[in-house]
Amino acid sequence: GQQLNQSPQSMFIQEGEDVSMNCTSSSIFNTWLWYKQEPGEGPVLLIALYKAGELTSNGRLTAQFGITRKDSFLNISASIPSDVGIYFCAGHPGAGSYQLTFGKGTKLSVIP
Amino acid sequence: SQTIHQWPATLVQPVGSPLSLECTVEGTSNPNLYWYRQAAGRGLQLLFYSVGIGQISSEVPQNLSASRPQDRQFILSSKKLLLSDSGFYLCAWGTHNTEAFFGQGTRLTVV
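Heads up: the sequence lines are chains A and B, in that order. The opening residue of the first sequence carries number 19 in our numbering; numbering runs sequentially from there. The opening residue of the second sequence carries number 1152 in our numbering; numbering runs sequentially from there.
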């Protein structure tokens, strides 16, 4: 089956620093999604990407859909303590499938 | 706007007891509905999905079952819980077969 490799697995950063994480796949996806999950809560959709090369921002978050359609990255600028959580990427292969493939998550810790 | 409700938030059940987790969606019609399980260590595993009333697809063989008695209602059940059924269960809905929007989750501990 399809697998997503998400890295890094965890990050400890100083408040104010920029953050970058990425996901790579051995197969093509037609949609890339980025979620954030806080402890005891369900994942919340941050950004959805639908076209290869697409660059989309949501406040301090920016995500890109890789040209090859096999990768995506998420950047967070000027991190703040409330950015703490686990960030997941997810890919969807396109029409005919109902299943998202999730990465294993990047746990972000922000040191004030 | 669309909202998803999942309950209960936490549940402690003895081994061998039955289980029923309920999820409802408001503000949309004919959504795709999903049950995921998240074990400690974060990975999200798709358990069931449904594209319509009475239509259930299972992704992994297990001790659980799902039902969709109404368009916006999705139920996760078990007749006899196992210790290995412990985990964080998440209901989600989506349209266009792409995004999934998650509920708050149910923390199930089987003792």
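For every residue, glycine included, the Cβ atom is placed at its ideal position computed from N, Cα and C.
Query - Which of helix, strand or coil DSSP assigns to residue 1201(B) - result: Note: residue 1201(B) maps to strand in three-state DSSP.
Report task. Within 10 angstroms of the Cβ of residue 1182(B), are there 16 or more other Cβ atoms? Answer buried if so, exposed if not. Result -> Residue 1182(B) is buried by the Cβ-count criterion.
Query raised in the report: Taking Cβ-Cβ distances below 8 Å as the criterion, which residues of the region 1249-1260 of chain B are in contact with chain D?
Result: In summary, chain D is missing from the structure at hand, where the protein chains are A and B.
Query - the region 37-51 of chain A contacting the region 78-93 of chain A, beta-carbon criterion three pairs below 8 Å - result: Contact between the region 37-51 of chain A and the region 78-93 of chain A is present, with at least three C-beta pairs closer than 8 Å.
**Report entry** residue 1177(B), enclosing beta strand (DSSP E) - first and last residue
**Finding:** Unbroken beta strand (DSSP E) run through residue 1177(B): 1170-1177.
Requested in this report: Evaluate contact between the region 49-56 of chain A and the region 105-122 of chain A, counting only Cβ atoms and requiring at least three cross-stretch pairs below 8 Å.
Outcome: Cβ pair count under 8 Å is three or more, so yes.
**Report entry** Alpha carbon of residue 1230(B) to alpha carbon of residue 1236(B), nearest angstrom
**Finding:** Our two residues, residue 1230(B) and residue 1236(B), have alpha carbons roughly 12 Å apart in a direct line.
Requested in this report: Determine the DSSP secondary structure at residue 1236(B), reduced to helix, strand or coil.
Outcome: Three-state result, residue 1236(B): helix.
**Report entry** residue 1257(B) - containing beta strand (DSSP E), residue span
**Finding:** For residue 1257(B), the enclosing beta strand (DSSP E) starts and ends at 1257-1261.
Query raised in the report: Taking only beta-carbon atoms, is residue 122(A) less than 8 Å away from chain B?
Result: So, interface residue.
Query raised in the report: From this set, 34(A), 101(A) and 83(A), which residue's C-alpha is nearest residue 67(A)'s C-alpha?
Result: Comparing alpha-carbon positions, the option among 34(A), 101(A) and 83(A) lying closest to residue 67(A) turns out to be 83(A).
Query raised in the report: Mind pulling the chain B residues with CB within less than 8 Å of residue 105(A)?
Result: Neighbourhood of residue 105(A) in chain B, by CB distance below 8 Å: empty, with the nearest CB roughly 10 Å away.
Query raised in the report: I think residue 21(A) touches residue 123(A), with their Cβ atoms under 8 Å apart; what is that distance to the nearest whole Å?
Result: Rounded, the Cβ-Cβ distance is 14 Å, inconsistent with contact.
**Report entry** Separation of residue 125(A) from residue 98(A), as counted between CA atoms
**Finding:** For the pair residue 98(A) and residue 125(A), the Cα-to-Cα distance works out to about 14 Å.
Query raised in the report: Which same chain residues, not among the five before or five after residue 28(A), have their C-beta less than 6 Å away from its C-beta?
Result: Within the same chain, residue 28(A) has close Cβ partners 125.
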